[in-house]
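Trainee:
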Amino acid sequence: MKVLVTEYLRINLDSEQWECRRCGHVHGSARDNYKKGLLVYDRDPREIHKPLLDTKLYERTYSPDPKWCRILEYYCAACGTMVEAEYLPPGHPPLHDIELDIDALKLQWQDRKEVTEPAIGPDLALEKAKNSRALHAGHEHGSHGHKH
Amino acid sequence: MNDHIVSKEDQVLLDKFLADNTLFLGPDPEIMRNHKIQPRSPTEDAILKKGLDRHEVHHIRGLINAALSEAFTMVNQMGAAPGAKWGDLVTGVYTAQGDLAMIAPHGIIAFAACCFYPIRFIIKNWINDPTVGVKDGDGFIHNDARYGGVHNTDQSMMLPVFYKGELVCWVSSTVHEGENGACEPGGMPAAAESKYDEGIKMSPFKVVENFQLKRDLVTFLQNSVRDPKLQLEDMKVKLHAAMRLRERMIAILDQFGKEVVMGTLRSHLEDTEAEMRRRIAEMPDGTTRVLQFMDSSLRENCIQKISLAITVKGDRMIMDFRGTAPQFMNRAVNTNIASFKAALCTGLLQNVWPDLPHTMAVLSPIEIISDRNSIIDAEGEMPQAMSLMPMFKACVAWTIPMNKFNYSVPHKYSATIASQYDQAATFIYGGLTQHGDVTGNFCADINGNGQGARSHADGEHSVSPVFGFMCDSGEHEINEEDTPIVRLGAQRLAKDRVGWGKYRGGMGYEQIATSRGSPYWGFMTGCEGSKFPSAQGLFGGYSCPSYQLLKIKGINIFEELKQNPKVLEVFDIVKLMNEKPIKNGQYSSNDMGMTFELCAEGEIYMICQGSGGGYGDVLERDPALVMKDLAEDLISHENARDIYQVVYDEKTLLVDEAATKAQRDAYRQQRIARGKPFDAFCKDWVTPEPPRHLPYFGSWNDNAVIHANNPAVGMFTSMPATQMTGVFMPNPKDLRIAQLEAQLAECQKQAG
């Protein structure tokens with residue numbers, strides 16, 4: 001039985017290991033931080049969010065300040081898929097972001113069927129935003145006398 | 149040593165003495181720190197024990213919902229505040245003991261999600277006070293967020309609903325009014341250095357008797373703000389909307405009887421809480437975490453960390469915010485915990501489970517832990533006029549950790565979405581209008597935050613405000629009719645400012661504004677994220693970029709265009725700043741936090757709405773979607789090639805699938821070659837303390853220790869989180885003067 005945890009991670013309940021959902025590579029114990037099984041790269045944020053303004057003219061250019069912010073890119077060691085992109089101030093300890101109770105997970109999945117592809121839920125927030133726009137579009141603004 | 153035991157009788161006497169001799173009925177911690185629904189009142193308990201007809205309950209809920217919608221529409225249509233026009237308001241119904249039962253199906257959840265605090269205050273303090281009292285026909289007003297509220301620019305009107313002489317429920321109407329007499333116009337003064345700079349601070353008080361506004365009090369309020377007409381008109385509007393809502397409630401009471409209606413309100417809360425617990429129990433047990441880094445106090449750049457760990461165990465959920473930055477004693481970006489929780493309620497309903505009923509009961513089963521005196525749990529004396537900053541973080545705090553819990557759950561109640569852009573990206577304005585009126589407020593552009601990317605699709609562009617999915621963005625034409633603001637550019641999507649990913653975040657639009665026809669006009673902006681990006685990506689998706697405030701000062705664009713209509717080709721921020729087409733202009737790129745500043749006629753101010761975070765690995769983005777972005781001029785060829793690693797013909801946008809696959813495979817190998825194993829990486833990367841060059845506030849490697857570093861004044865301290873104190877920041881102008889004086893002294897020394 002394998003439990004999907006993110007777009008790129010799953011937990012094999014039988015072996016209690018983190019696995020890559022793209023290539024099946026085993027990252028390490030599911031009772032430990034999955035990041036320990038990944039490769040990490042300290043990315044200069046200006047390479048991803050490139051300066052749009054002329055750097056000779058301006059200090060602030062739409063790029064993050066590399067002295068304030070770095071991007072830690074986490075890759076699967078076998079297939080190179082980027083599993084996480086963590087934005088941190090330089091030197092800040094990486095976050096242990098997922099820490100699941102594996103014994104409880106096993107119990108929880110005892111009576112569940114294995115899921116290999118996650119269901120896609122309805123985008124209800126977007127639906128509500130669109131409803132609201134439709135409501136607004138139908139109104140007439142009294143003092144202005146025109147419909148929108 | 150005090151081993152004196154007080155007898156029951158003495159305790160009653162002591163309590164009465166204290167109650168009778170309270171010098172000031174300030175925000176009451178007993179009310180303000182309790183976000184949960186209260187135990188059933190004896191009446192509610194008796195009704196629910198008898199049982200309710202579920203069909204009848206459903207019927208009543210529908211009727212109340214329709215009544216809330218009607219009252220919302222009244223304020224929306226009649227309100228004078230700009231915010232009223234685009235839905236920055238809400239109406240609500242509360243139980244007799246002050247629990248928020250139902251919210252209008254439009255507008256701002258958070259307004260109602262903290263309006264139950266002042267109602268509880270009224271119940272506790274005014275009902276039995278012979279000098280105040282609560283009776284049929286009364287109405288109460290309030291705006292100070294310390295008694296419950298998002299921020300002091302919002303005003304609420306609250307009415308008790310009596311039926312056959314008995315108080316059966318409460319109704320409210322709240323609007324973001326804008327102007328409130330603060331030290332800066334517009335109601336959200338980033339320059340506020342104490343709570344006394346925040347303008348009018350209404351504790352809940354009676355302003356309506358016999359359904360009539362008391363003119364003496366209205367005059368006092370009008371006298372306290374820059375826009376007395378707005379104050380009067382919207383007090384009338386809110387009152388009459390609440391009165392309509394009251395009439396509808398009475399009609400429902402007539403039709404179904406008091407017991408069923410009261411039972412419906414209570415069961416609605418209990419059912420929602422039960423459903424919350426059921427959904428929590430479906431999630432795996434464990435802990436997921438997220439860190440958020442705010443990079444500005446709106447007066448200076450500095451990092452303020454918000455730390456969140458969500459723990460699930462069975463049907464219990466605990467949100468632990470310990471380790472978060474300390475409060476600022478003289479900066480406006482603090483919030484009290486009750487307001488912060490209202491934003492959490494909004495975020496949960498907007499980003500995680502929008503299908504749940506909109507009531508406070510969604511937050512009721514969640515335990516929330518915070519450090520006292522932190523930036524999210526500031527004490528009452530702290531300024532909090534720009535509490536939006538941490539509160540917007542609360543709106544999106546859920547997205548990353550909850551998706552890490554919910555991804556495994558077999559049934560999905562709503563889509564998996566990365567963080568929405570979470571800044572108040574709009575112009576706040578003030579001054580004298582072209583009609584000769586003094587005003588201050590903000591623009592509807594605030595409602596155009598880009599949606600986070602979804603697990604199955606790109607985010608929608610400029611979809612809604614992060615604090616309310618049920619708002620629209622207003623019309624610039626109306627804004628231009630009322631104020632001297634002229635839109636030189638609007639709704640042009642900000643090219644290349646994208647949260648990249650397998651699916652990209654919805655993008656934001658550019659806003660380019662100036663003023664015309666006013667002798668005295670100015671703007672302020674209140675956003676962070678100019679150095680450290682704000683909206684986070686999910687599962688390998690990147691965050692949004694940083695955003696700046698751009699200015700072209702010392703020019704009059706209207707004169708320039710009169711002299712040469714072709715002086716510029718298009719109002720496009722990047723082109724204007726890089727090509728500098730208007731000679732002699734002072735071009736500058738600045739932090740997006742700007743206190744109020746005068747804008748002479750024809751000077752140009754430019755900001756952007758931001759992108760939501762991206763979802764997934766950029767190398768998995770369908771090349772066809774990359775071509776679509778190119779065709780729509782959303783991204784440049786440089787980014788299509790470098791970020792997405794797509795091989796294609798720039799003229800025809802035809803993709804070479806095989807070459808793209810080969811290039812992406814090679815790129816994955818490059819990643820493997822440059823990546824370091826985690827432990828080895830951490831050995832080099834992790835430092836025991838924040839770097840000394842960085843103004844940094846919050847925990848670092850231990851949530852129990854809070855750092856407060858401000859290199860500008862040589863401050864490098866730490867304190868136990870349990871004994872946190874506020875931080876006093878130097879005036880940026882004093883620092884600048886000191887810097888210039890030092891330079892001058894150096895020059896004088898060199899000159900001999």
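Protein sequences, first through last, are from chains A and B. Sequential numbering of the first sequence, starting at 1, is according to this note's numbering. Sequential numbering of the second sequence, starting at 149, is according to this note's numbering. Here a beta-carbon is modelled for each residue, glycine too, at the ideal position from N, C-alpha and C. None of the values given here were measured: they were computed from a predicted structure.
1) According to a CB-to-CB cut-off of less than 9 Å, which residues of the stretch 63-82 of chain A neighbour chain B?
2) In this structure, does DSSP put residue 141 of chain A in helix, strand or coil?
3) Do residue 873 of chain B and residue 747 of chain B have their CB atoms nearer than 8 Å?
4) Who does residue 661 of chain B pair with in a DSSP beta bridge?
5) Using a Cβ cut-off of 7 Å, pull out every chain A residue sitting near residue 466 of chain B, in sequence order please.
6) Count the C-beta pairs between the stretch 675-695 of chain B and the stretch 619-627 of chain B that are closer than 8 Å, then say yes if the count reaches three, no if not.
7) DSSP puts residue 742 of chain B in a beta bridge; with which residues?
8) Would DSSP call residue 148 of chain A helix, strand or coil?
9) With a CB to CB cut of under 7 Å and the five nearest residues on each side skipped, what residues in its chain are close to residue 184 of chain B?
10) Residue 165 of chain B: buried (16+ other C-beta within 10 angstroms of its C-beta) or exposed?
11) Identify the contact partners of residue 384 of chain B in chain E, using a Cβ-Cβ distance below 9 Å as the criterion.
12) Got a sec, what are the start and stop residues for the alpha helix (DSSP H) residue 13 of chain A sits in?
13) Give the range of the beta strand (DSSP E) segment to which residue 317 of chain B is assigned.
14) Residue 436 of chain B and residue 458 of chain B look like a contact to me (Cβ under 8 Å); what is the Cβ gap, rounded to whole Å?
15) Does residue 563 of chain B come within less than 8 Å of chain A when only Cβ atoms are used?
16) So if DSSP puts residue 468 of chain B in a beta bridge, which residue, or which two residues, is it bridged to?
17) Near residue 280 of chain B, which residues of its chain fall below 7 Å by C-beta distance, leaving aside the five closest residues on each side in sequence?
18) Could you check what DSSP says for residue 695 of chain B in three-state terms: helix, strand or coil?
19) Can you tell me which of the three DSSP states residue 819 of chain B falls into?
20) What are the residues in the stretch 86-97 of chain A lying within 8 Å of chain B by C-beta distance?
21) Applying the 10 Å Cβ sphere with the 16-neighbour rule, what's the burial state of residue 4 of chain A?
22) Determine, for residue 511 of chain B, whether the minimum Cβ-Cβ distance to residues of chain A falls below 8 Å.
23) Applying a beta-carbon distance threshold of less than 9 Å, which residues of chain B neighbour residue 42 of chain A?
24) Do you know whose CA, among B:628, B:627, B:689, lies nearest residue 607 of chain B's CA?
25) Compare the C-alpha of residue 627 of chain B against each of B:598, B:616, B:859, B:577 and name the closest.
26) Consider the Cβ of residue 52 of chain A: report whether some Cβ of chain B lies at a distance smaller than 8 Å.
27) Going by the DSSP bridge assignment, what does residue 779 of chain B pair with across the sheet?
28) Rounding to the nearest angstrom, what Cα-Cα distance links residue 172 of chain B and residue 496 of chain B in this structure?
29) Please confirm whether residue 2 of chain A has its beta-carbon closer than 8 Å to some beta-carbon of chain B.
30) Please go through the same chain and pick out, in chain order, the residues whose beta-carbon is closer than 8 Å to the beta-carbon of residue 163 of chain B, but skip the five residues on each side of it.
31) Could you tell me the alpha carbon to alpha carbon distance between residue 434 of chain B and residue 543 of chain B, rounded to whole angstroms?
32) Rounding to the nearest angstrom, what Cα-Cα distance links residue 298 of chain B and residue 535 of chain B in this structure?
33) Please list the terminal residues of the continuous alpha helix (DSSP H) segment that includes residue 357 of chain B.
34) CB of residue 646 of chain B to nearest heavy atom of the ligand GTP: below 7 Å?
35) Using a Cβ cut-off of 8 Å, pull out every chain B residue sitting near residue 115 of chain A, in sequence order please.
36) If you pair each beta-carbon of the stretch 766-783 of chain B with each one of the stretch 463-479 of chain B, do three or more pairs fall below 8 Å?
Mentor: In short, the structure shows the following:
1) 63, 64, 65, 67, 68, 69, 70, 71, 72, 73, 74, 75, 76, 77, 78, 79, 80, 81, 82
2) Stepping through the first sequence from its first residue, residue 141 of chain A is reached at position 141. Summary for residue 141 of chain A: the model assigns pLDDT 46, below 50, so the residue's position carries little reliability; its value from the coordinates is reported in the next sentence. Residue 141 of chain A: strand per DSSP, three-state reduction.
3) Numbered from its first residue, the second sequence carries residue 873 of chain B at position 725. Numbered from its first residue, the second sequence carries residue 747 of chain B at position 599. Going by C-beta atoms, residue 873 of chain B is not nearer than 8 Å to residue 747 of chain B.
4) Locating residue 661 of chain B in the second sequence gives position 513, where the first residue counts as 1. Per DSSP, B:635, B:753.
5) Counting from one through the second sequence, the residue named residue 466 of chain B turns up at place 318. Within chain A, no residue comes near residue 466 of chain B; the closest Cβ sits about 13 Å away, beyond 7 Å.
6) no
7) Indexing the second sequence from 1 puts residue 742 of chain B at position 594. Note: residue 742 of chain B sits in a beta bridge opposite B:673.
8) Stepping through the first sequence from its first residue, residue 148 of chain A is reached at position 148. At residue 148 of chain A, the pLDDT of 37 sits below 50, so the modelled position is not reliable; the number obtained from the coordinates is stated separately. Coil at residue 148 of chain A, not helix or strand.
9) Mapped onto the second sequence, residue 184 of chain B falls at position 36. Taken in chain order, the residues that qualify are 512.
10) Position 17 of the second sequence, counted from the start, is the residue given in the question as residue 165 of chain B. Looking at its Cβ environment, which holds fewer than 16 other Cβ atoms inside 10 Å, residue 165 of chain B is exposed.
11) Structure shown: chain E not included; protein chains present are A and B.
12) Mapped onto the first sequence, residue 13 of chain A falls at position 13. No alpha helix (DSSP H) holds residue 13 of chain A; DSSP gives it neither H nor E.
13) Position 169 of the second sequence holds residue 317 of chain B. Start and end: 314-324.
14) Here residue 436 of chain B is taken as the residue at index 288 of the second sequence, counted from 1. Here residue 458 of chain B is taken as the residue at index 310 of the second sequence, counted from 1. Residue 436 of chain B to residue 458 of chain B, Cβ: 5 Å. Contact.
15) Residue mapping note: residue 563 of chain B aligns to position 415 of the second sequence, counting from 1. Closer than 8 Å to some Cβ of chain A, the Cβ of residue 563 of chain B qualifies, so yes.
16) In the second sequence, counting from the first residue as 1, residue 468 of chain B sits at position 320. Answer by DSSP bridge pairing, in chain order: B:457, B:517.
17) The residue you call residue 280 of chain B lines up with position 132 of the second sequence. 274, 354.
18) Taking the second sequence and counting its residues from 1, one reaches residue 695 of chain B at position 547. Three-state result, residue 695 of chain B: coil.
19) If you number the second sequence from 1, residue 819 of chain B lands on position 671. It is helical.
20) 87, 88, 89, 90, 91, 92, 93, 94, 95, 96, 97
21) The count along the first sequence starts at 1 and reaches residue 4 of chain A at position 4. By the neighbour-count rule (16 or more Cβ atoms within 10 Å), residue 4 of chain A is buried.
22) Working through the second sequence from its first residue, we reach residue 511 of chain B at position 363. Output row for residue 511 of chain B: interface = no.
23) Indexing the first sequence from 1 puts residue 42 of chain A at position 42. In chain order: 824, 829, 832, 833.
24) The residue given as residue 607 of chain B occupies position 459 in the second sequence. Looking at the Cα atoms, B:689 is the closest of the given residues.
25) To locate residue 627 of chain B, count along the second sequence from 1; it is residue 479. Checking every option, the nearest Cα to that of residue 627 of chain B belongs to B:577.
26) Counted from its first residue, the first sequence places residue 52 of chain A at position 52. By this cut-off, residue 52 of chain A is an interface position.
27) As a working note, residue 779 of chain B is residue 631 in the second sequence. BP columns for residue 779 of chain B are empty, so no partner.
28) Along the second sequence, read from residue 1 onward, the residue named residue 172 of chain B stands at position 24. Along the second sequence, read from residue 1 onward, the residue named residue 496 of chain B stands at position 348. Straight-line Cα distance between these residues: approximately 35 Å.
29) Here the question's residue 2 of chain A lines up with position 2 in the first sequence. With 8 Å as the cut-off, residue 2 of chain A does not count as an interface residue toward chain B.
30) On the second sequence, position 15 is the one that residue 163 of chain B refers to. Excluding sequence neighbours, residue 163 of chain B sits near nothing in its chain.
31) Within the second sequence, the letter at position 286 stands for residue 434 of chain B. Within the second sequence, the letter at position 395 stands for residue 543 of chain B. Roughly 22 Å between the two C-alpha positions.
32) Locating residue 298 of chain B in the second sequence gives position 150, where the first residue counts as 1. Locating residue 535 of chain B in the second sequence gives position 387, where the first residue counts as 1. Straight-line Cα distance between these residues: approximately 8 Å.
33) Within the second sequence, numbered from 1, the residue matching residue 357 of chain B stands at position 209. Where residue 357 of chain B is concerned, there is no enclosing alpha helix (DSSP H), although the beta strand (DSSP E) it sits in stretches over 353-357.
34) Within the structure as shown, the ligand GTP is missing, as the structure has no ligands at all.
35) Working through the first sequence from its first residue, we reach residue 115 of chain A at position 115. Going along chain B in sequence order, the residues near residue 115 of chain A (Cβ under 8 Å) are 556, 558.
36) no
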